[in-house]
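Order-wise, the sequence lines are chains A and B.
Taking UniProt numbering, the leading residue of the first sequence gets 1, the next gets one more, and so forth.
Taking UniProt numbering, the leading residue of the second sequence gets 1, the next gets one more, and so forth.
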Amino acid sequence: MNNIVLLPVLIPFIAGAVLILFRHFPKLQRISSAVVMLVMLAASVLLVYSVYQDGILTVELGNWPAPFGIVLVGDLFASLMVLLSSITGVTCLFFAFQTITKEREKYFFYPFYFFLLTGVNGSFLTGDLFNLFVFFEVMLISSFILIVTGGTKFQLRESYKYVVINIFASMMFLAALAYIYGLTGTLNLAHIAQQIEEIGQTGVVNTAAIMLLIVFGIKGALFPLYFWLPQSYYGPPAAIAALFGGLLTKVGVYAIFRTFTLIFVHDISFTHTVLLVLAALTMVLGVLAAVAQFNFKMILTYHIISQIGYMIMGLAIFTPLAVAGAIYHIAHNVVVKSALFMFAGATQKITGTNNLKEMSGLLKTHPALAWLFFISAVSIAGIPPLSGFFSKFALVLSGLEAEMYVIVAVALIVGVFTLFSMMKIFIYVFWGSPSLQRSDYSHIKLAPLLMPIVPFIVLTIAMGLFAEPVFTFIQLTADQILDPSIYIDAVLGE
Amino acid sequence: MKTNFLMLHTITRIVSFIVLSFSVYLFFAGHNAPGGGFIGGLMMAGALILLYVTFDAERINRVLPFDYTAIIAIGLLLAIVTGLNSYLFGDPFLTQYFEYYQIPFVGEVELTTALPFDLGILLVVVAVALLTIISIAEDVS
Chain A
1 MNNIVLLPVL IPFIAGAVLI LFRHFPKLQR ISSAVVMLVM LAASVLLVYS
51 VYQDGILTVE LGNWPAPFGI VLVGDLFASL MVLLSSITGV TCLFFAFQTI
101 TKEREKYFFY PFYFFLLTGV NGSFLTGDLF NLFVFFEVML ISSFILIVTG
151 GTKFQLRESY KYVVINIFAS MMFLAALAYI YGLTGTLNLA HIAQQIEEIG
201 QTGVVNTAAI MLLIVFGIKG ALFPLYFWLP QSYYGPPAAI AALFGGLLTK
251 VGVYAIFRTF TLIFVHDISF THTVLLVLAA LTMVLGVLAA VAQFNFKMIL
301 TYHIISQIGY MIMGLAIFTP LAVAGAIYHI AHNVVVKSAL FMFAGATQKI
351 TGTNNLKEMS GLLKTHPALA WLFFISAVSI AGIPPLSGFF SKFALVLSGL
401 EAEMYVIVAV ALIVGVFTLF SMMKIFIYVF WGSPSLQRSD YSHIKLAPLL
451 MPIVPFIVLT IAMGLFAEPV FTFIQLTADQ ILDPSIYIDA VLGE
Chain B
1 MKTNFLMLHT ITRIVSFIVL SFSVYLFFAG HNAPGGGFIG GLMMAGALIL
51 LYVTFDAERI NRVLPFDYTA IIAIGLLLAI VTGLNSYLFG DPFLTQYFEY
101 YQIPFVGEVE LTTALPFDLG ILLVVVAVAL LTIISIAEDV S
């Protein structure tokens, strides 16, 4: 029993409920939400530290014992994800202060921002498949509102697709839950894992596994279910796009990791081959679509998809090094992808456009913006000594060790294309002669826009320079999730 | 020409009271028997919506001058804070406490912390249902 596990879920929930009452006081909302986010960040750091010190922490809600009641479980992987979500939450909030319009603030931006984080953190920490569904819904309903607020024609059309595909996924999730409950008689993750170990992973269990994979694939934007993502992430303003691009798809990826390392691990030759094929296709098609684009934000949204391919590749190879590389890649991607979206927002605010062909010469007028963007762009392309290099290095190395040469080749080629499209952005936006007059941008203060991005840049550099201690921690995380018995024992206490 | 819904008005005056009192009964029945905050709240919302349909919205808004948005927030907070009080005793979140008390004239009564939690749920359900329907109705006119 340890209530620390609950804090990352409860703090944003309470904050969201209180902020509804103060919708007409934007200044009060800003100050209090900033304070709450910092408290939440502290709570997540505390959670990671205590899990690192004491092993997996669980809390049985309402004091009902494990397989019957609802449990929240904080293991290293979950608490690391919670920490990432808090970091993204803090920085995107501070970025939102600079970029969000007054109308949005009035229409419950801050409450739903916090409800979204409640859902995200809850999905990471829950130890129960049905509550994963519930927290998914909390997250999705908040994201519907954040995407659709503003109500332009484009937003309404794209968010309609987003809503429909997600409701379809939720129904399918419920059907998969019914299958699993019918097979095992429980929805507690640890208990399901135990039951499936006993009954063996036969045909019906594989059916349920693939159904869950489809559901999480829709949420996490895997091939061929990613088509809803680019347009719907394009609509909302940069602060929300950064939060969504950095975080929301990773919730789907997290759920795939959780289920396919804890529960469905007895028929790897089938399930993880499916994952491997999906990973390769996701990487290739995502990056090809990105290369074809000439829109700053669109390139980034398509890159979300191709980067997810790398994470699933690590899971599919399924050796400790590969899984560690995948987790490293998740951490790296949350950090860098959110930063890139904020750069897109900042350049949009300066130039008034997202079209690469209409921008040029920002290097002369805004050198700080240019070089900070350059750092995160080469980081996502995987250039040493930044964080992106080490995650891809681990993935490629483990692929070679496992003698899966095709996926390694795919990963490397996709890396080249990533570098190409990032450089394309850099050349179009920052090189050339300045297209803007001084009077066009002098009223926009750059420093407050860049301040929230700086922590991300520091993180990506630090994760590269101090790769050894970071990687040791992530290796520990990977070892923990690759041994389901640790998780099962912690929850069921045997 | 103003239509006169005499039957509807007369019946609603009686029926809404029956429904409202039954919703209160359901609310208190919860926790040990079928009922509770959610179902009680839905029934209460049903009764209030019947009032809105029968009499015009302006009149009901005068009788029930509540800001439903605020009620949602208050209901949520009430439910969370009830769950949080278990932190004081070092128990997991949402642990419930109950005790039996002798109250004069009423007899033995069970007081539990599940009750304020349920009240929070009731407030949220009533406010969400009413807010949704009223917003849609006002949108048309």
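Glycine included, C-beta positions come from ideal geometry on N, C-alpha and C.
At least 8 Å separates the CB of residue 119 of chain B from every CB of chain A. The beta carbon of residue 252 of chain A sits closer than 6 Å to those of 216, 219 and 220, all from its chain and outside the five residues before and after it, given in chain order. For residue 68 of chain B, no Cβ of chain A is located within less than 8 Å of the residue's own Cβ. Residue 472 of chain A and residue 33 of chain B have their alpha carbons spaced roughly 53 Å apart. Boundaries of the alpha helix (DSSP H) harbouring residue 249 of chain A: 249-262, taken from the DSSP string.
Excluding residues up to 5 positions away in sequence, 45 lie with their Cβ nearer than 6 Å to the Cβ of residue 129 of chain B in the same chain.
Residue 58 of chain A: member of the beta strand (DSSP E) spanning 57-60, first to last residue.
The continuous alpha helix (DSSP H) containing residue 362 of chain A extends over residues 362-365. Counting the other Cβ atoms within 10 Å of the Cβ of residue 104 of chain A gives 16 or more, which makes it buried. Nearest to residue 28 of chain A by C-alpha distance, out of A:353, A:462 and A:106, is A:106.
For residue 108 of chain A, the closest of A:142, A:11, A:316 and A:118 by C-alpha to C-alpha distance is A:142.
In the DSSP assignment, residue 110 of chain A falls outside any beta strand (DSSP E) and within the unbroken alpha helix (DSSP H) covering 109-125.
Taking one beta carbon from each stretch, the segment 415-431 of chain A and the segment 288-295 of chain A have 3 or more pairs nearer than 8 Å; the two touch.
For residue 59 of chain A, the C-beta contacts it makes with chain B under 8 Å involve 92 and 93, in order along the chain. A Cβ-Cβ contact shorter than 8 Å links residue 478 of chain A with residue 324 of chain A.
The continuous alpha helix (DSSP H) containing residue 459 of chain A extends over residues 454-465.
Bounds of the alpha helix (DSSP H) holding residue 83 of chain A are 76-99. Ranking A:294, A:292, A:262 and A:256 by CA distance to the CA of residue 276 of chain A puts A:256 first. Contact holds between the segment 126-134 of chain A and the segment 64-73 of chain A, because three or more Cβ pairs, one in each stretch, are under 8 Å apart. Relative to the Cα of residue 118 of chain B, the nearest Cα in the group B:41, B:86 and B:138 belongs to B:41. Interface flag for residue 453 of chain A against chain B is unset, since no Cβ pair is found closer than 8 Å. Collapsing the DSSP output to three states places residue 108 of chain B in a strand. Restricting attention to A:57, A:21, A:16 and A:98, the CA atom closest to the CA of residue 453 of chain A is found in A:98. For the segment 77-89 of chain B, the residues whose beta carbon sits under 7 Å from a beta carbon of chain A are, in order, 77, 80 and 87.
For residue 18 of chain A, the chain B residues whose C-beta falls within less than 8 Å of its own C-beta are 73 and 77, listed in chain order. In the three-state reduction of the DSSP assignment, residue 102 of chain B falls in the strand class. Secondary structure of residue 128 of chain A (DSSP, three-state): strand.
Under DSSP, residue 188 of chain A takes part in a beta bridge, and its partners are A:128.
Contact with chain B is found for residue 14 of chain A, since one of that chain's Cβ atoms lies less than 8 Å from the residue's Cβ.
Judged by DSSP in its simplified three-state form, residue 125 of chain B adopts helix. In chain order, 92, 94, 95 and 96 make up the part of chain B whose C-beta sits under 7 Å from the C-beta of residue 62 of chain A. Contacts with chain B at 8 Å (Cβ-Cβ) do not include residue 121 of chain A.
Collapsing the DSSP output to three states places residue 355 of chain A in a strand.
Judged by DSSP secondary structure, residue 387 of chain A falls within the alpha helix (DSSP H) whose first and last residues are 387-401.
Taking a Cβ-Cβ cut-off of 9 Å, residue 116 of chain A has no neighbours in chain B, whose nearest Cβ is about 15 Å from it. In the DSSP annotation of this structure, residue 86 of chain B is not part of any alpha helix (DSSP H), being labelled neither H nor E.
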